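Under this note's numbering, the first residue of the sequence shown carries the number 29, and numbering increases by one thereafter.
For every residue, glycine included, the Cβ atom is placed at its ideal position computed from N, Cα and C.
In this text, all values refer to a predicted model and were calculated from it rather than measured experimentally.
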Amino acid sequence: MFDEDQDLGLDTRITRKDFLNAALIGAGGALVSALAPALARAAASDASQAGADAWTGYGGVGDYAQSNGNTKTVLDAAHKVRDRAYATLPAGTVETGELYDVIVVGGGIAGLAAAYTIVKSAGGAKTCLVLENHPIFGGEAKQNEFLVKGVRLIAPQGSNDFGVPRQGAGWQSEMWDDLKMPREFAWSQSSDASSDLRMAQDNYQPMEGIGEYGVDIGYYFDDRSSIGKTWLPRQCCMT
């Protein structure tokens, strides 16, 4: 090999898992600009059920239906900015006379933290306006709610978990207390002891190789499998 190849590590042995991960990244990159055909069909079908457009896809229920990232409305608005459609004020614009010391564009974690810092540092003496184009604040750090065959499913939309800051550990601890966030959490108890399950504390734990043995998992085999339609616990499938 050339010396520059060795500098890049091309002569280094890699595991099969690392190779597959790299291949998946490459395949994912090829699909960044468009959905795979099967996913595109599924998104269009789900979108029609949810009342959303096919470009946006299925977003959830209630306010979450239009709070799943770059919706068609956001796309169209960005194109209008590009085309200088907002170079002049739209007809019917009303001057409200409102004045703000600071305007924050975006109500995600960074935007909300900026607004919090401004208000706190000024002791409430400065006004701050947060502009957000979704019906729910939080950006990636919010949950999502879906209806699947009449069952409401709740899951994180982007942000997966968090850690409670140690008491007195600087501005994070101060913000936690200012927002009146609890410092202790407990699992709810089942009324039927026979149905107790070891539940994952985040979305990653049930995945193969990432703490899978710390939770109760079952695998579903459909009619294409050699054993027919059935559920089997993890222990049966991992031996």
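Within the segment 196-245, no beta strand (DSSP E) run of at least 3 residues lies entirely inside it. Straight across, the Cα-Cα distance linking L159 with G196 is about 31 Å.
With a cutoff of 8 Å on beta-carbon distance, N96 and Q171 are scored as not near each other.
Taken in chain order, the whole beta strand (DSSP E) runs of length 3 or more contained in the segment 118-143 are 130-133. Shown here, Y86 sits in coil according to DSSP, grouped into three states, outside any helix or strand. When T116, V133, D81, D220 are compared, the shortest CA-CA separation from H162 is found for V133.
The Cβ atoms of S201 and P193 lie closer than 8 Å to each other. The residue from K208, D81, G87, E123 with its alpha-carbon nearest to that of L181 is G87. When the five nearest sequence neighbours on each side are left out, the beta carbons in the same chain lying within less than 7 Å of the beta carbon of T258 are those of F249, in order along the chain.
Between G167 and G136, the CB-CB gap stays under 8 Å. If the five residues before and after D244 are omitted, its C-beta is found closer than 7 Å to the C-beta atoms of L225, R226, all from its own chain and listed in chain order.
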